[in-house]
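Residue numbers (the numbering used here): 440 to 892.
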């Protein structure tokens, strides 16, 4: 029996116009990322406006630690994406069924482990990060509540990866829109009316994550296609665990080490005090909107290349890589430079204090002005993962990006002449240039191993 492609939601990535289908895939994914960040920004805006500078620093400065603890397991969803897209493209329905049900089991196990680690150890890790004493209790409380929702977060990520693999990025957008509105509403109720401070923001986030996870799981359970989820079929099959880990684990390790380098950078930012922390937190949140827009093309590269890999369409895979690079460069330049141009106005949404805005503008100019370089780096890594190569982009990224950043921080940055926020933020564009260049060379070597037609 052949796989039935849904005319309403799924996209056949193996035929037709690449650019048209690429945009149909990426635009909902882009809007999903932007919406998610808008709702996360609501957390920071609410505490910044109604709870004060310390609460803003507490919530805003925790993102690097959250990413550190979650990226390993979220990276495994890349393995789910690649494997699902491959089997969907090759019409191997029995393998598709086993792969997605094993993926759901992995998501549940991952969520439980993250909950235990997050609740038990966040306070200690925040102390290691040199979190200021006036911020530490609030940051610890927020993170412990946040990690109570990790099962829902992992379930949503893995289910969304399955839908992305078959070209469906629309329904996750609708579910995110609904749950995000609930998040904003609960933020206002818990913080403004019940004066719960960061605890209210954390509770609102957890509840909204549970709603989005329920909706996307329900979607897959009611699906009529071959990627339907049946709860009684959820199990751990060793063969598919190995294949998911082979692709997803390097991606997760890369994300984790990247986050580790960001935690070290955040620790260095913390050393400049709460004003620089607050400005960096606000700027980092704004940067996120540019990043998720570019990251949509990274996700597209993985899904499109994987499906065509399964179908054996080598020439089309090369064209997909070129179109993804063109689109991500244009997106990064337009959005990044626009963000710098409107930076003062955007930072003013997060804080009314001039010194916080000034500190945020320093980071925004350096990072967003060169963010398209990060997009190129990520797309090339996504293309190689679509080909089934995950270790190579991981090693290149770890050495070229993380290694360089850590080397800079532990050597030159400690010298008084270089010990400034500006010199700290410059590690980002320099690492993107070097890593992206090596990624392109590696891709060209990989491409030679496959037929041209």
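Note that the Cβ used here is the ideal one computed from N, Cα and C, for glycine as well.
query: Short Cβ contact (8 Å threshold) for residue 601 with residue 679; result: no
query: Proximity of residue 511 and residue 556 at Cβ, strictly below 8 Å; result: no
query: Inter-residue Cα distance where the pair is residue 574 and residue 455; result: 54 Å
query: The region 676-695 / the region 538-554 touching (three or more Cβ pairs under 8 Å); result: yes
query: Residue 881, DSSP secondary structure in three states; result: helix
query: Residues near residue 502 by beta carbon distance below 7 Å, same chain, minus five either side; result: 723
query: Counted within 10 angstroms of its Cβ, other Cβ atoms place residue 649 as buried (16 or more) or exposed; result: buried
query: Status (buried if at least 16 other CB within 10 Å, exposed otherwise) for residue 551; result: exposed
query: Nearest-angstrom beta carbon gap, residue 647 and residue 595 [assumed within contact, 8 Å]; result: In fact, because the Cβ distance is near 10 Å, the residues do not count as touching under 8 Å.
query: Distance, residue 627 Cα to residue 681 Cα; result: 44 Å
query: Residue closest to residue 789, alpha-carbon to alpha-carbon, out of 498, 470, 808; result: 498
query: Simplified DSSP state of residue 678, which is helix, strand or coil; result: helix
query: Nonlocal neighbours in the same chain, by C-beta distance under 6 Å from residue 766, ignoring five residues either side; result: 736
query: Buried/exposed call for residue 568, threshold 16 Cβ in 10 Å; result: buried
query: Cβ contact check for the region 613-626 and the region 573-591: 3 or more pairs under 8 Å; result: no
query: Other residues of its chain near residue 588: CB distance less than 7 Å, five sequence neighbours each side excluded; result: 644, 645, 648, 649
query: Nearest-angstrom Cα separation, counted from residue 668 out to residue 662; result: 8 Å
query: Selection from 519, 725, 515, 787 that minimises the alpha carbon distance to residue 808; result: 725
query: Exposure of residue 632, with buried meaning 16 or more beta-carbon neighbours within 10 Å; result: exposed
query: Stretch pair the region 835-850 + the region 759-775: three plus CB contacts closer than 8 Å; result: no
query: Validate contact between the region 680-696 and the region 751-764 using beta carbons, cut 8 Å, 3 pairs; result: no
query: Inter-residue CB distance, residue 478 and residue 619 (contact presumed, cutoff 8 Å); result: 4 Å
query: Cα-Cα separation, residue 529 to residue 449; result: 15 Å
query: Nearest-angstrom beta carbon gap, residue 731 and residue 822 [assumed within contact, 8 Å]; result: Contact doesn't hold; Cβ gap of about 19 Å is too wide.
query: Burial state of residue 878 (16 or more Cβ within 10 Å); result: buried
query: Proximity of residue 939 and residue 748 at Cβ, strictly below 8 Å; result: Since the first residue shown for the chain is 440 and the last is 892, residue 939 is missing from the structure and cannot be characterised.
query: Bounding residues of the alpha helix (DSSP H) (the contiguous stretch that carries residue 856); result: Here residue 856 belongs to no alpha helix (DSSP H), and DSSP marks it neither H nor E.
query: Residue of 591, 870, 565, 537 minimising C-alpha distance to residue 554; result: 591
query: Alpha-carbon spacing of residue 760 relative to residue 685, whole angstroms; result: 22 Å
query: Exposure of residue 636, with buried meaning 16 or more beta-carbon neighbours within 10 Å; result: buried
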